[in-house]
Amino acid sequence: MDRVCAVFGGSRGIGKAVARLMAQRGYRLAIVARNLQGARAAAGDLGGDHLALSCDVAKEHEVQNTFEEIEKNLGRVNFLVNAAGINRDNLLVRTNVEDMLSQLHTNLLGSMLTCRAAVKTMIKQQTGSIVNVGSVVGVKGSSGQSVYSASKGGLVAFSRALAKEVARKKIRVNVVAPGFVHTDMTKDLKEEHLKKNIPLGRFGDPLDVAHAVVFLLESPYITGHVLVVDGGLQLTIHGGAQTALRRAQCPALAGKQRSGRCPASCAQSTRFSSAACPQALLGGHGPAPFSDSRAPDPVGPPRLVVGKEAGVTGTNGTELRCRVQSSGREGEREGRPGETGGPGKEPETRWSAVGGKQETPVLMPPPPPPGFLEGRRPECRLCWTR
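In the UniProt record's numbering, the protein residues as written are 1 to 386.
Below you can see the structure in the form of structure tokens.
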């Protein structure tokens with residue numbers, strides 16, 4: 001029986017590397033991509049009798065027509081690789097519905113449709129192997145990639161469930177979850193910042209992931225498995241790697257670390273640069289500490305002095321007042337909302353939004369003050385800095 005493999009997203013990146021390995025191993029390939037010229041170029045580079053097709057995986061009729069064309073020209077598909085995917089990285093509150101749907105349709109629904117079409121032919125043969133290309137963020141999650149993480153996390157859950165459904169038909173379904181790999185998706189990231197948090201010290205190559213895909217395709221006793229290929233990134237993704245990723249994605253954060261104005265050993269007395277990415281205001285753990293002494297122009301609420309009141313007026317006319325109170329001895333030390341100053345200096349900061357007759361005290365750190373960012377365009381799509 002001919003070994004026929006359909007590689008969706010096979011014109012570039014990981015999919016193209018998979019196709020190269022499969023061709024070397026004697027498979028007959030259908031290179032499928034949204035761009036037909038790209039698919040033809042990739043198939044031509046492989047040599048041999050391979051098929052190039054165009055398909056939008058989010059459209060059911062196109063997927064069905066694609067499998068009919070493959071069966072007509074190459075035979076029934078008994079191997080399937082889903083490597084097509086897109087990302088639209090952003091904080092959830094700044095992500096529009098169109099970007100949400102495009103990621104879910106391509107990354108999740110598209111794989112569901114191709115798997116359904118492939119399984120129908122594999123059941124007739126009582127054999128088959130499917131590998132879906134996910135992402136390490138689908139396993140661990142990533143700030144600024146909530147929708148992308150959801151689409152890849154859904155792909156993991158779908159693949160495991162499908163593996164249970166079709167195991168009795170001798171069909172295997174697995175997932176490869178790459179970390180940072182040199183592809184079009186990662187070309188704009190600042191690699192030098194990120195690779196320091198990867199235990200193996202480098203970004204992966206598409207061929208690194210392709211070897212894992214081929215391994216799972218050909219392993220007869222593995223199904224429902226998620227193989228992470230990330231250089232060890234998942235070991236650190238809850239620590240410094242998340243901070244590094246935010247800095248690499250955010251121009252306001254690049255190159256800045258702890259200020260050094262207080263002892264590094266005093267974790268709670270850290271002064272944060274005013275350009276720190278305030279994702280804590282959106283439910284995170286606060287801005288990452290910096291380690292250079294430069295302090296750019298203030299962003300957000302003004303610097304405060306213990307025992308003194310400061311105020312700011314938003315562009316919509318809302319008045320905000322803040323007073324720093326110390327439970328220990330007071331001094332002329334400047335403070336930032338939510339910061340503590342070590343033994344004897346623990347300022348409690350409260351903001352009061354004054355609107356008409358009502359005054360509502362809020363313990364800092366609060367969400368961005370009402371109207372504070374109105375009329376101002378943030379520099380960074382992943383935080384509130386401007």
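Cβ atoms here follow ideal geometry from the backbone N, Cα and C, with glycine treated the same way.
{"Asked": "In whole angstroms, give me the CA-to-CA distance for residue 388 and L21.", "Found": "There is simply no residue 388 to check, as the chain begins at 1 and stops at 386 in what is shown."}
{"Asked": "Name the one or two DSSP bridge partners that residue 392 has.", "Found": "Residue 392 falls outside the range modelled here, since the chain spans only 1 to 386, and no answer is possible."}
{"Asked": "With DSSP collapsed to three states, give me the class of L304.", "Found": "Residue placement at L304 cannot be trusted, given a pLDDT of 41 that sits under 50; the coordinates are not used to answer."}
{"Asked": "Report the residue ranges of all beta strand (DSSP E) runs contained in full by the stretch 199–237; include only those spanning at least 3 residues, in chain order.", "Found": "226–229"}
{"Asked": "Measure the Cβ-Cβ separation of V133 and V176 and say whether it is below 8 Å.", "Found": "yes"}
{"Asked": "Runs of 3 residues minimum, wholly inside the stretch 28–80: which ones carry the beta strand (DSSP E) assignment?", "Found": "28–33 and 51–54"}
{"Asked": "Which partner residues does C5 have in the DSSP bridge list?", "Found": "L29 and F79"}
{"Asked": "If you draw a straight line from the alpha carbon of L109 to that of G47, how long is it in whole angstroms?", "Found": "32 Å"}
{"Asked": "Enumerated in chain order, which unbroken segments of the alpha helix (DSSP H) with a length of 4 residues or greater are wholly contained in the stretch 106–169?", "Found": "110–125, 137–140 and 146–166"}
{"Asked": "How about G10 and A33: do their beta carbons lie closer than 8 Å?", "Found": "yes"}
{"Asked": "Is there contact here, the stretch 37–51 with the stretch 94–101, by at least three beta-carbon pairs under 8 Å?", "Found": "no"}
{"Asked": "Would V77 and T121 qualify as a contact pair, given that the criterion is a beta-carbon distance under 8 Å?", "Found": "yes"}
{"Asked": "Ignore the nearest five residues each way along the sequence and tell me which others in S149's own chain have a CB closer than 7 Å to its CB.", "Found": "V137, G138, G141 and S142"}
{"Asked": "Do you know offhand how far S146's Cα is from I86's?", "Found": "13 Å"}
{"Asked": "Considering only their Cβ atoms, is the gap separating A6 from L80 smaller than 8 Å?", "Found": "yes"}
{"Asked": "Whole angstroms is fine: what's the gap from S159's alpha carbon to P206's?", "Found": "22 Å"}
{"Asked": "So, under 8 Å CB-CB, L104 and S151 are touching, yes? Tell me the CB distance rounded to an integer number of Å.", "Found": "5 Å"}
{"Asked": "Check each candidate in G201, L36 and A210 and name the one with the smallest Cα separation from T66.", "Found": "L36"}
{"Asked": "Thinking C-alpha only, which one of S135, S129, K124 and N82 is nearest L113?", "Found": "N82"}
{"Asked": "Buried or exposed for H61, going by 16 or more other Cβ atoms inside 10 Å?", "Found": "exposed"}
{"Asked": "Below 8 Å CB to CB, which residues in the same chain sit around I123 once its five sequence neighbours on both sides are set aside?", "Found": "V166, K169 and I171"}
{"Asked": "Using the DSSP secondary-structure output, state which residues sit across from I14 in a beta bridge.", "Found": "I14 is not bridged to any residue."}
{"Asked": "Can you tell me whether A23 is helix, strand or coil according to DSSP?", "Found": "helix"}
{"Asked": "Here's the rule I'm using: 16 or more other beta-carbon atoms within 10 Å means buried, otherwise exposed. How should L51 be labelled?", "Found": "buried"}
{"Asked": "What does the alpha-carbon distance come out to for the pair K59 and N107?", "Found": "12 Å"}
{"Asked": "Can you name the start and end residues of the alpha helix (DSSP H) that V97 belongs to?", "Found": "V97 to L104"}
{"Asked": "Going by CA-CA distance only, name the one from T223, E69, V214 and G224 that's closest to A19.", "Found": "V214"}
{"Asked": "Closest by CA to R182, which one among I198, V173, G204 and D230?", "Found": "The residue you asked about is not Arg; residue 182 is His in the sequence shown. Looking at the Cα atoms, G204 is the closest of the given residues."}
{"Asked": "Which partner residues does V176 have in the DSSP bridge list?", "Found": "V133 and L227"}
{"Asked": "Given this structure, state the Cα-to-Cα distance separating G75 from T223, to the nearest angstrom.", "Found": "24 Å"}
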